Amino acid sequence: MSKIKETSTNFANKQALANECLEVYSTNIIGGQWSLPICYALLSGKLRFGEIKKVLPNITERMLTLQLKKLEKNNVLTRKIYAEVPPRVEYELTTIGYELKPIIKELENWAIKHKKIV
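In the numbering used here, the protein residues as written are 276 to 393.
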């Protein structure tokens, strides 16, 4: 996942669109292949990295790490590190992250209907 140069036209266009369209702003945060499945997994409560990996076996460790960092940066989830040996880290949705639950459920309903049509 490469970072877009802040001086590029693409970056400027994305920023302008996100500032004017709240739907685009939202998809910039929770869009992508893995963000919603990670959030869906965390709807049941706190999970450790390995537990998330078991729920999503096709995601690479690198991609899972990147997506967790992105979601944490955007305050969708929190990362709690326990001072233990071996180190234990738990991920949990924030209040705003839990607000995605009805949205995720509606997307699921839409997908069921859409699959029947296609």
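Glycine residues also receive a C-beta, built at the ideal position from the N, C-alpha and C atoms.
Predicted model only: the values in this text are computed from it and were never measured.
- Item | Val299, enclosing alpha helix (DSSP H) - first and last residue | 297–305
- Message: With a threshold of 7 Å on Cβ separation, who are the neighbours of Ala287 within its own chain once the five nearest residues in sequence on each side are excluded?
- Response: none
- How close, in whole Å, do the beta carbons of Leu317 and Leu368 come, if the pair is a contact with beta carbons under 8 Å? 5 Å
- Evaluate contact between the region 287–307 and the region 341–359, counting only Cβ atoms and requiring at least three cross-stretch pairs below 8 Å. yes
- Enumerate, from N- to C-terminal direction, the unbroken beta strand (DSSP E) stretches of 3 or more residues contained entirely within the region 291–377. With a minimum length of 3 residues, the continuous beta strand (DSSP E) runs that stay inside the region 291–377 are 352–357, 363–368.
- Query: Is Gln342 closer than 7 Å to Ser397 when the C-beta atoms are compared?
  - Reply: Summary: the structure shown does not reach residue 397, with the chain confined to residues 276 through 393, and so no result is reported for it.
- Assign Leu375 to buried or exposed, taking buried as 16 or more other Cβ atoms, counted over all protein chains shown, within 10 Å of its Cβ. buried
- Given Gly372, which residues of its chain have a CB within under 6 Å of its CB, disregarding the five upstream and five downstream residues? So the list reads Val351, Leu352, once near-sequence residues are dropped.
- Does the Cβ of Tyr366 have 16 or more other Cβ atoms within 10 Å, making it buried, or fewer, making it exposed? buried
- Excluding the 5 residues preceding and the 5 following Pro312 in the sequence, name in chain order all residues of the same chain whose CB lies nearer than 7 Å to its CB. Leu331
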